[in-house]
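In the numbering used here, the protein residues as written are 626 to 1088. Written out below as structure tokens is the structure these notes cover.
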Amino acid sequence: MTEHNSGAGATRKLADHVATLTYDMLPVEVVALTKRCILDTLGVTMGASRLSPEGRILADYVRDLGGKPESSVFGFDFKAPAGWAVFANGAMGHMLDYDDVAYSGHTSIATIPVAFALAEREGGVSGEAFITAVAAGMDVMCRISQAISIPQWISVEGWFQTQLLGYIAGAATAGRLLGLNADQMENAFGAAFTQTAGSRQMAVDESTDLRSMQAGFSGQGAILAADLARRGIVGSREIIEGVYGFFKTYVRDDNPNWDALVGGLGTRFPILETHGFKIWPHCAHIRPCTAAVLELRRDDVTPDNVERIEIIGGSKATQLLSHPIEAKRRPQVAIDAKYSVPFTTAVAMIKGGVTLQDYTADALNNSEVLAMADRVTYRPDVTANALTPVVKIFTKNGNIHSHQVHGVPGDANNPVGWEEIEVKFRDCVSFTDTSAAETDRAIETVANFEICDDVTDILRLIA
């Protein structure tokens, strides 16, 4: 018998938890992880402001709307109403598909852009308050995800977790930053839940820019929800456990793990068990393929000796990202390439790594990469590990080299530290006009974020 064997009062417990969470309650590991997430998110967002054409489209749209100049649109030197700034920044945070990820989705882009937009609007937000608000949102997002007991739920039901859970997680971050009490927080959850959406159809087949915009929608909805709650709007109750709540409506699960949802509130932080950083700028589900290819290259498998590469099994997402095979071998835009198993596997084999430069317009037409992509195939295998595929490389001299990754570099069970995130940040902002001195100061600022009197100081360096 678990400590919490029914869902009664689950929403209220989460609201109480978020409303009363303080910086002093956060383990040092959570503080350190949150700071890495902040630096990582700022980097990938700034990089996208220069490398992603749709970033310019969104920024121009938000600029044309006008309104009160409350919060910065990162990389574009203007301010917009907080709800529209977070729409642009949340979307740009995923445009490179380089942002960090947990099993619950992309927790950072669901929370950190919300926190920055409100910190600028409200003014005088300290580093401790900012870190606490972000940690609260991440905690809620991870807990809801961990409570889902259906294997590969997002593929089975067709939801995009980052957006779907991002409304509630973002509302938690916004509500904590605004100082909402438990009643107001529950109202904010209700207003956020009313807006929830996030179909995985945006990731099927041909290009759609909406794949990167998911956290823009949820971030905007989160700020709206928290603002309405602060003004006295009463939201839906029991949005997690109710008869038409999250688990009944979106998961269709009669037996979620309630203990995972509300057990150990304030003492257990599941983000520490599930969070990972991307060291390659492509879809998270392709990372096992990249890691396996790079490992096999270390065994002296060279591109000129490759007859074919076979990807076997893996998750449903692995299969989705491999078909239709001909289209996946010839992506026309960067986002399609980043969601392509054949193309990205070919890049890893040819280049010995995968970088932002490998998804530029010129790189999509690299003849060596395209020739290698033609040699990449996929076949399902129900006996293979459910999460990571087997990668087999057949060489021209008749040998077969096989590898299956258990612990992708950057994941919680194979973590990277501050140094790796700093290198990644420098690479991302190198595409902007940020000077080397400003980059150094930005890194130092985030490293000491908990002692900042006003977290928006960093935006004057890079945004």
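Glycine included, each C-beta is placed from N, C-alpha and C at the ideal position.
query                                                                                                                                                                                  : result
For N880 and S774, I'd like the C-alpha separation in whole angstroms.                                                                                                                 : 7 Å
Roughly how many angstroms separate the alpha carbons of S1060 and S837, rounded to a whole number?                                                                                    : 27 Å
Quick check on the burial criterion: 16 or more other C-beta atoms within 10 angstroms. Buried or exposed for M626?                                                                    : Since pLDDT at M626 reaches only 34, below the 50 mark, its modelled position is unreliable, and the value read off the structure follows with that caveat. So M626 ends up on the exposed side.
Pairs of beta-carbons, one from the segment 745 to 763 and one from the segment 653 to 673, closer than 8 Å: are there three or more?                                                  : yes
Looking at C-alpha atoms only, which residue of A794, G823, D764 is the closest neighbour of E782?                                                                                     : G823
Do H1026 and D924 come within 8 Å of each other at the CB atom, strictly closer than that value?                                                                                       : yes
Measure the alpha-carbon distance for I936 versus I1087 and round it to whole angstroms.                                                                                               : 41 Å
Can a CB atom of chain B be found closer than 8 Å to the CB of S824?                                                                                                                   : The structure shown has no chain B; it contains just one protein chain.
Starting from the N-terminal side, write out each stretch of the beta strand (DSSP E) that is 3 residues or longer and does not extend beyond the segment 719 to 761.                  : none
Of the choices Y984, H642, H719, T645, whose alpha-carbon is the least far from that of G680?                                                                                          : H719
Do A850 and A817 count as a contact pair if the criterion is CB distance below 8 Å?                                                                                                    : yes
Out of S733, E654, V1033, Y728, which one is the CA nearest neighbour of A716?                                                                                                         : S733
If contact is defined by three or more beta carbon pairs under 8 Å, each pair taking one atom from either stretch, is the segment 926 to 942 in contact with the segment 1004 to 1023? : yes
Given a threshold of 16 other Cβ atoms within 10 Å of its Cβ, counted over all protein chains shown, does N812 qualify as buried or as exposed?                                        : buried
Measure the Cβ-Cβ separation of A713 and G795 and say whether it is below 8 Å.                                                                                                         : no
If you follow the alpha helix (DSSP H) that I1087 is in, where does it begin and where does it stop?                                                                                   : 1084 to 1087
Rounded C-beta distance between A710 and V726? I'm assuming under 8 Å.                                                                                                                 : Not confirmed; about 23 Å, so no contact.
Quick one: which unbroken beta strand (DSSP E) runs of 3-plus residues sit fully inside the segment 1009 to 1045? Chain order, please.                                                 : 1015 to 1020, 1025 to 1029
Considering Cα atoms alone, identify which of G672, A952, I769 is closest to V1001.                                                                                                    : A952
Any chance the segment 1063 to 1073 sits against the segment 909 to 928, with 3 or more Cβ pairs inside 8 Å?                                                                           : no
What is the DSSP secondary structure of R862, counted as helix, strand or coil?                                                                                                        : coil
Near N1039, which residues of its chain fall below 7 Å by C-beta distance, leaving aside the five closest residues on each side in sequence?                                           : G1032, V1033
Return the bridge partner residues of E935 from the DSSP annotation.                                                                                                                   : T1002, K1017
Between the alpha carbons of C767 and T970, how many angstroms are there, rounded?                                                                                                     : 30 Å
What residues match up with V687 in a beta bridge as DSSP calls it?                                                                                                                    : The partner list for V687 (beta bridge, DSSP) is empty, contrary to what the question assumes.
Can you name the residues that DSSP bridges to G901?                                                                                                                                   : V726
Mind checking A885: buried by the 16 CB within 10 Å criterion, or exposed?                                                                                                             : buried
In terms of residues, what are the limits of the beta strand (DSSP E) holding F703?                                                                                                    : 703 to 705
Any idea if P706 is buried or exposed, counting beta-carbon neighbours within 10 angstroms, 16 or more meaning buried?                                                                 : buried
Need the endpoints of the alpha helix (DSSP H) that V1071 sits in, please.                                                                                                             : 1061 to 1072
Taking C-alpha atoms, which residue in T670, S770, D702 lies nearest to Y723?                                                                                                          : T670
With a threshold of 8 Å, are at least 3 pairs of Cβ atoms found where one atom belongs to the segment 901 to 919 and the other to the segment 964 to 984?                              : yes
Roughly how many angstroms lie between the CA atoms of R746 and L802, to the nearest whole one?                                                                                        : 11 Å
How close, in whole Å, do the beta carbons of L890 and K638 come, if the pair is a contact with beta carbons under 8 Å?                                                                : 7 Å
Can you look up K638 in the DSSP assignment and give me helix, strand or coil?                                                                                                         : helix
What is the C-beta distance between L789 and T821, in whole angstroms, given that I count them as a contact (C-beta under 8 Å)?                                                        : 6 Å
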